[in-house]
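When you line the sequence shown up against this note's numbering, it's residues 20 to 204, in that order.
Here a beta-carbon is modelled for each residue, glycine too, at the ideal position from N, C-alpha and C.
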Amino acid sequence: ASVQVLWNVFDGIGAGIYCEQNSSVAISNNTITNGTIGIYGIWSSPTIIGNTITDNSWSIWSEYAAPANAGTNGAGLVSDNPGLGNNVEGRVIQLWSAAIRVVDGNGTPLQGVLVEVIPFNETTPIFTGYTDGDGMTSYFQATQYVIASDGTLILKNPYEVRVNLVPVTASPTFDHNGVYQVTSP
């Protein structure tokens with residue numbers, strides 16, 4: 020059975036609505052104000068429609084799974100929830116769990132190489148680490164997009180991946196959980 024969270028008022032609490040792993044939740048017509056995160060989803064894909072979420076740090080924080088009605092880069096969440104108002108940090112953020120696997124031109128994993136991951140149009144790495152014997156880095160959290168408090172869409176993709184300080188030619192677009200393979204320059 021699916022859960023519905025309808026017509027509630029949440030004021031001044033941490034996460035107004037918390038959706039956990041594999042939950043199928045319909046969240047509609049709620050008012051969530053003065054908290055940390057209006058709707059927090061982790062490993063879940065709720066449907067979020069017709070809510071007023073203002074004066075929080077974030078309206079919608081989505082980790083490791085996208086809301087069912089997110090659309091392209093959160094456009095569906097914005098159109099389905101016209102009450103995503105003034106929030107300290109932003110309206111929507113989408114995060115994924117990622118790792119980089121580095122191989123040479125023959126597909127052989129490379130051990131002990133330095134990997135840096137840098138968001139689009141930024142200069143500071145979100146991840147720096149070395150590959151193991153399978154050519155893998157540890158997992159890290161990558162932001163796909165942010166919708167700022169003023170409604171501006173900030174794309175973090177495509178990320179620049181550097182191997183031993185040299186950018187790879189085909190950098191990944193983080194849009195799901197998983198391992199992203201790159202070929203060392």
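Going by beta-carbon coordinates alone, are residue 57 and residue 72 separated by less than 7 Å?
Within the sequence shown, residue 57 is the residue found at index 38, counting from 1. Within the sequence shown, residue 72 is the residue found at index 53, counting from 1. Result yes, Cβ atoms of residue 57 and residue 72 sit closer than 7 Å.
Quick one: what's got a C-beta closer than 6 Å to residue 23's C-beta in the same chain, skipping five residues either side?
Looking up residue 23 in the sequence shown gives position 4. Closer than 6 Å at Cβ, skipping near neighbours: 45.
Complete runs of the alpha helix (DSSP H) confined to the stretch 120-198 [at least 4 residues]:
none
Mind the definition here: the stretch 152-161 touches the stretch 113-123 only if three or more C-beta pairs lie below 8 Å; say whether that holds.
yes
Skipping 5 residues on each side, what residues in its chain have a beta carbon closer than 6 Å to that of residue 165?
Counting from one through the sequence shown, the residue named residue 165 turns up at place 146. Correct list, in chain order: 109, 112, 173.
Using a Cβ-Cβ cutoff of less than 6 Å, which residues in the same chain neighbour residue 35 once the five nearest sequence positions on both sides are dropped?
By 1-based counting over the sequence shown, the position of residue 35 is 16. Taken in chain order, the residues that qualify are 29, 51, 54, 57.
Taking the alpha-carbon positions, what's the residue 63 to residue 203 distance?
The residue given as residue 63 occupies position 44 in the sequence shown. The residue given as residue 203 occupies position 184 in the sequence shown. Spanning the two alpha carbons is a distance of roughly 34 Å.
Cβ atoms of residue 187 and residue 198: under 7 Å apart, would you say?
By 1-based counting over the sequence shown, the position of residue 198 is 179. By 1-based counting over the sequence shown, the position of residue 187 is 168. Taking 7 Å as the Cβ cut-off, residue 198 and residue 187 do not qualify as a contacting pair.
First and last residue of the uninterrupted alpha helix (DSSP H) at residue 90
Translated into positions along the sequence shown, residue 90 becomes position 71. No alpha helix (DSSP H) holds residue 90; DSSP gives it neither H nor E.
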